[in-house]
Amino acid sequence: MTNPVTLITGATGGIGAALARALAGTHDLILTGRDTAKLQALQAEVGGETLALDLTRPETFAEAVAGLGRVTNLIHNAGVVELGAVAGQDHAVWTHTLTVNVVAPAELTRLLLPQVRAEQGTILFVNSGAGLRANAEWASYAASKHALKALADALRNEEAPHGVRVTSLYPGRTATEMQRKVREQEGAPYDAAAFVQAETVADTIRNVLNLPHDATIPDLSIRPGPR
Numbered sequence: 001m002t003n004p005v006t007l008i009t010g011a012t013g014g015i016g017a018a019l020a021r022a023l024a025g026t027h028d029l030i031l032t033g034r035d036t037a038k039l040q041a042l043q044a045e046v047g048g049e050t051l052a053l054d055l056t057r058p059e060t061f062a063e064a065v066a067g068l069g070r071v072t073n074l075i076h077n078a079g080v081v082e083l084g085a086v087a088g089q090d091h092a093v094w095t096h097t098l099t100v101n102v103v104a105p106a107e108l109t110r111l112l113l114p115q116v117r118a119e120q121g122t123i124l125f126v127n128s129g130a131g132l133r134a135n136a137e138w139a140s141y142a143a144s145k146h147a148l149k150a151l152a153d154a155l156r157n158e159e160a161p162h163g164v165r166v167t168s169l170y171p172g173r174t175a176t177e178m179q180r181k182v183r184e185q186e187g188a189p190y191d192a193a194a195f196v197q198a199e200t201v202a203d204t205i206r207n208v209l210n211l212p213h214d215a216t217i218p219d220l221s222i223r224p225g226p227r
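Counting in our numbering, the sequence shown runs from 1 upward without gaps.
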């Protein structure tokens with residue numbers, strides 16, 4: 001039997017790197033990330049191949065993925081967040097956030113659907129609790145994550161006849177560098193022990209990917225446990 005081929009965007013981030021380590025040896029990995037040095041270090045650790053993608057420029061994706069062969073699973077993990085009130089965030093923040101968090105996943109999905117259909121694989125969107133509700137100062141990020149949910153919901157219905165499963169995962173606060181940035185923007189301390197660990201989220205994604213094909217998990221939330 002051949003291993004499934006799993007592409008992870010944002011592979012050098014907290015959840016992405018944890019997922020790459022969790023899947024190493026049982027999945028053939030395609031790793032994408034912004035930091036070339038970190039990406040190469042991760043590749044040396046878990047194997048697989050790397051793919052250069054600039055998520056701010058979806059128009060470059062077609063050329064970037066043209067040489068890819070099999071793709072079984074597509075994990076949309078990369079994302080950006082910039083907190084701020086609607087009154088204080090101009091169109092540049094909105095455009096950047098929506099491009100990276102929504103337009104890039106939509107375009108990458110479109111381009112790789114033939115391979116995922118051929119494998120009857122899984123497309124998983126790492127969303128956020130902000131994809132289910134919007135709080136003050138979170139408008140641009142929450143809007144992007146609500147849009148990502150809509151993308152996943154529509155895609156799920158469209159691709160079911162092709163045997164492709166689509167899951168939206170809604171992690172609560174997770175111990176990552178992105179969360180550290182968020183806490184700084186909120187003016188609050190960062191305590192990794194108070195949050196879901198990236199490895200726990202990675203294990204959850206691995207379980208979704210390994211689910212027998214007679215079932216699917218459309219939506220899944222994971223939150224920090226009681227303290």
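The beta-carbon is built from N, C-alpha and C at its ideal position, and this holds for glycine as well.
Within the same chain, show all residues whose beta-carbon is closer than 8 Å to that of T176, passing over the 5 residues directly before and after it, in chain order. If we look at T176 and ignore the five residues flanking it on each side, its Cβ neighbours are G13, G14, I15, A198.
* To do: Could I get the ranges of all uninterrupted beta strand (DSSP E) runs contained in the segment 121–195, with 3 residues as the minimum, in chain order?
  => Listed in chain order, they are 122–126, 165–171.
Got a sec, what are the start and stop residues for the beta strand (DSSP E) H76 sits in? Where H76 is concerned, the enclosing beta strand (DSSP E) starts and stops at 73–76.
Check: Should the segment 36–43 be called in touch with the segment 206–218, which here means at least 3 C-beta pairs below 8 Å?
Finding: Proximity of the segment 36–43 to the segment 206–218 falls short of the contact definition, fewer than three beta-carbon pairs being nearer than 8 Å.
query: First and last residue of the beta strand (DSSP E) that includes L31?
result: 28–31 is the span of the beta strand (DSSP E), which, as asked, contains L31.
Alpha carbon to alpha carbon, what distance is there between T72 and E82?
When rounded, the distance between both Cα atoms is 32 Å.
Strand pairing of Q115, partner residues [DSSP]: Answer is none; Q115 lacks a bridge partner.
Local conformation of A24 per DSSP, three classes: Here A24 sits in strand by DSSP.
| Are there three or more Cβ pairs, one per stretch, closer than 8 Å when the segment 104–121 is compared with the segment 162–179? | For the pair of segments examined, the segment 104–121 was found to touch the segment 162–179: the number of CB pairs separated by less than 8 Å reaches three.
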